Amino acid sequence: MGQARKMRRHVCSAMSQESILEKVRSIVTEQLSVDAGEVKPESNFQNDLGADSLDTVELVMALEEAFDIEIPDEAAEGIATVGDAVKYIEDKQA
222 MGQARKMRRH VCSAMSQESI LEKVRSIVTE QLSVDAGEVK PESNFQNDLG ADSLDTVELV
282 MALEEAFDIE IPDEAAEGIA TVGDAVKYIE DKQA
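Sequential numbering of the sequence shown, starting at 222, is according to my numbering.
Rendered as structure tokens:
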């Protein structure tokens, strides 16, 4: 009984891909001072949204705090686009 309750709670707390994208978009918009319309899944943080290395570190920290996850440096290096961030967060919630 306890196991089923834990699973149900986990499923209920998991966010949909769309809600993750919206939250990531909001964070990126605030952190990088860009228009929300520019923040698409395929948007590259550096090439499309103008992030520098410090922006990227601050963005990772903001995502960690907002989603209550830890993103190791090795994983952070592989997150180049908004879609990469959404996928990483989705995988951490699974």
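Using N, Cα and C, we set each Cβ at its ideal position, and we do this for glycine too.
Predicted model, so just to flag it, every value in this text is computed and none were measured.
Exposed unless 16 or more other CB atoms sit within 10 angstroms - verdict on residue i
i    : result
V307 : buried
A257 : exposed
G242 : It is Leu, not Gly, that sits at residue 242 in the sequence shown. Result: buried.
L275 : exposed
Beta-carbon gap between residue i and residue j smaller than 8 Å
i    : j    : result
E279 : E285 : no
A297 : I248 : no
T302 : E259 : no
F266 : T277 : yes
L270 : V281 : no
Q238 : E311 : yes
Whole-number beta carbon distance between residue j and residue i, since they are thought to touch under 8 Å
i    : j    : result
A368 : Q252 : As shown, the chain starts at 222 and ends at 315. That puts residue 368 outside it, with no answer to give.
Paired residues, beta bridge with residue i - DSSP
i    : result
T302 : N265
Helix, strand or coil at residue i according to DSSP, with G and I counted as helix
i    : result
A315 : coil
L270 : coil
D294 : helix
M236 : coil
D276 : helix
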